[in-house]
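Quick notes on the structure that follows.
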Amino acid sequence: MRKWISFPKQEGTSSRQAHADFPEQAIYEREAGRSGFFGPATHFHHQHAPTGWSEWEGPLKPRAFDFNQLTEQAPENPWLTPDLLSNSSCKFRVWHCTENMPYLVRNADGDDLLFVHEGSGHLYCDYGHIHLVKGDYFLVPRSTNWRLEPDEKMELLMIETTNGSYQLPEKGIVGNHAVFDPAVLDTPAIDDEFKAQYSEDSWKVYVKRHQQVSVITYPYNPLDAIGWHGDLAPVRLNWRDIRPLMSHRYHLPPSAHTTFVAERFVVCTFVPRPIESDPGALKVPFYHNNDDYDEVLFYHEGDFFSRDNIDRGMVTFHPAGFTHGPHPKAFKAGREHKKKFTDEVAVMLDTRDSLEMSDAAMKVENPDYVYSWQEK
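Under the UniProt record's numbering, the letters of the sequence shown match residues 1 to 376, in that order.
Here it is as structure tokens:
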């Protein structure tokens, strides 16, 4: 088991606690931490913004993608849509479903987490029928047969945990009902709408395994269950049912907003919340080196107060290895106490293993994003 060389020390002029009451001569705090905010950390107090670079050369850099510009999102089959960011443990895709699926799909590589960015529709799977709406997460266990009938065009974020499974995070001293009560998790129902789709007609199942697709044909609809029991099932969670942990005196780290946990990554959800009110508390996300994890943010809706010129449907990608944090305008607004409440909704993916960018993602990249921290 890994044991860090870890013991608290103090040098020079510093605050007594992290994220609060900074020294007057150094308003910029930077956290250098390990293990995604769970390991040892040091907090530096700087005279200049840690993101104040003037030039950047080489492939390691902050990136932003406008996924609204994606045009090849394979409405006919989710397994044909390209990976946008990926590693051996995780696949990050965006899929546009525009018509009823006259077939079933099954992912034999791992669990899929669907997030409904736009639209609504009816999902049918081995476990029954459920109606999904904008803002829903829907967790599909590995090798579950499913299909969608959209009410309108649906845009879905899909995060696959390759050769793994999703779990709920440990909630520790705040208790099992914090963040969201497990009672709000919905499961599909064997209802009248599900029974109405029983059929003796021929159906195809598109099965993905090792990134290859096989097609299995049945002389009937395989979604023919009359009931089930057990503790393995798909679940739905809407971001509106998330009640975030908050402190008026301390800016909580992103890990406090963890929604789902996989073997080599976590998925967090940022939802509207009051901004810290204590005069000495940090009011915006702190500058940090998340040196063990790559960080991806998918912006769903609202006013993204720590970022300039980022709109809904866009994605930022901050690989491990450099400091990042709020843009200058957001940092200034935080110091001037201009905002009392955040109204952003965003999905964050933090991966322990480095992510690779696909050609499809690179085609919609904003190459100037790396310089967006420069003072205007």
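Cβ atoms here follow ideal geometry from the backbone N, Cα and C, with glycine treated the same way.
Predicted model only: the values in this text are computed from it and were never measured.
* Asked: What is the rounded straight-line gap between the Cα of V105 and the Cα of Y124?
  -> The residue you call residue 105 lines up with position 105 of the sequence shown. The residue you call residue 124 lines up with position 124 of the sequence shown. Looking at the two C-alpha atoms, the distance is approximately 11 Å.
* On a CA-only basis, which of Q374, P272 and M158 is nearest F341? Give me that one, please. => On the sequence shown, residue 341 is found 341 positions in, with the first residue counted as 1. Looking at Q374, P272 and M158, the one whose alpha-carbon comes closest to that of F341 is P272.
* With C-beta atoms as the reference, is L282 less than 8 Å away from A346? -> Residue mapping note: residue 282 aligns to position 282 of the sequence shown, counting from 1. Residue mapping note: residue 346 aligns to position 346 of the sequence shown, counting from 1. No; because the gap between Cβ atoms is not below 8 Å, this pair is not in contact.
* Asked: Less than 8 Å separating the beta-carbons of H19 and Y250?
  -> One-based indexing of the sequence shown puts residue 19 at position 19. One-based indexing of the sequence shown puts residue 250 at position 250. Going by C-beta atoms, H19 is nearer than 8 Å to Y250.
* To do: Name the one or two DSSP bridge partners that D66 has.
  => Position 66 of the sequence shown, counted from the first residue, corresponds to residue 66. DSSP lists M314 as partners of D66.
* Asked: Would you say the segment 86-93 touches the segment 156-176, given that touching needs at least three Cβ pairs under 8 Å?
  -> A contact is defined here as three or more CB-CB pairs under 8 Å, and the segment 86-93 meets this definition with respect to the segment 156-176.
* **CB of S15 within 8 Å of CB of P8, strictly** => In the sequence shown, the residue the question calls residue 15 occupies position 15. In the sequence shown, the residue the question calls residue 8 occupies position 8. Taking 8 Å as the cut-off, the Cβ atoms of S15 and P8 do not count as close.
* May I have the straight-line CA-CA distance separating T42 from G12, to the nearest angstrom? => Working through the sequence shown from its first residue, we reach residue 42 at position 42. Working through the sequence shown from its first residue, we reach residue 12 at position 12. Using only the alpha carbons, I get a separation of about 13 Å.
* Asked: Distance, Cα to Cα, D350 vs E200?
  -> Numbered from its first residue, the sequence shown carries residue 350 at position 350. Numbered from its first residue, the sequence shown carries residue 200 at position 200. When rounded, the distance between both Cα atoms is 44 Å.
* Asked: Taking the DSSP output, what are the residues bridged to G119?
  -> As a working mapping, residue 119 is identified with position 119 in the sequence shown. DSSP, once it has assigned bridges, lists no residue as partnering G119.
* Asked: Rounded to a whole number of angstroms, what is the C-alpha to C-alpha distance between Q374 and T51?
  -> Taking the sequence shown and counting its residues from 1, one reaches residue 374 at position 374. Taking the sequence shown and counting its residues from 1, one reaches residue 51 at position 51. Approximately 8 Å, taken between the alpha carbons.
* Identify whether S88 lies in helix, strand or coil by the three-state DSSP scheme. => Within the sequence shown, residue 88 is the residue found at index 88, counting from 1. Correct three-state label for S88: coil.
* Can you give the Cα-Cα distance for Q47 and K332, rounded to whole angstroms? -> Along the sequence shown, read from residue 1 onward, the residue named residue 47 stands at position 47. Along the sequence shown, read from residue 1 onward, the residue named residue 332 stands at position 332. Near 15 Å, if we compare the C-alpha coordinates of K332 and Q47.
* Asked: Identify the residues that DSSP records as bridge partners of H45: which are they?
  -> Here the question's residue 45 lines up with position 45 in the sequence shown. Within the DSSP secondary-structure output, H45 pairs in a beta bridge with E29.
* **Closest residue to L84 among Y293, Y166, P59 and L355 (Cα-Cα distance)** => Indexing the sequence shown from 1 puts residue 84 at position 84. Comparing C-alpha distances from L84 to each of Y293, Y166, P59 and L355 shows the shortest one belongs to L355.
* To do: For the alpha helix (DSSP H) containing F194, list its first residue and its last residue.
  => Locating residue 194 in the sequence shown gives position 194, counting from the first residue. From DSSP, the alpha helix (DSSP H) with F194 extends over D192 to A196.
* To do: Report yes if the C-beta distance between L113 and Y137 is below 8 Å; otherwise report no.
  => Position 113 of the sequence shown holds residue 113. Position 137 of the sequence shown holds residue 137. Yes; because the gap between Cβ atoms is below 8 Å, this pair is in contact.
* If we ignore side chains and look at the alpha-carbon of each, how far apart do G36 and E295 end up? -> Translated into the one-based positions of the sequence shown, residue 36 becomes position 36. Translated into the one-based positions of the sequence shown, residue 295 becomes position 295. G36 and E295: Cα-Cα distance of roughly 10 Å.
* Asked: Looking only at its own chain, which residues have a Cβ that is under 7 Å from the Cβ of W146, when we skip the five neighbours before and after it?
  -> Taking the first residue of the sequence shown as 1, we reach residue 146 at position 146. L104, V105, L123, Y124, C125 and V140.
* To do: Please go through the same chain and pick out, in chain order, the residues whose beta-carbon is closer than 8 Å to the beta-carbon of S120, but skip the five residues on each side of it.
  => On the sequence shown, residue 120 is found 120 positions in, with the first residue counted as 1. Here the set comprises H131, L132, V133, K134, P150, D151, E152 and M154.
* Three-pair Cβ contact test at 8 Å for the segment 308-327 versus the segment 219-227 -> At 8 Å Cβ cutoff, the stretches do not touch.
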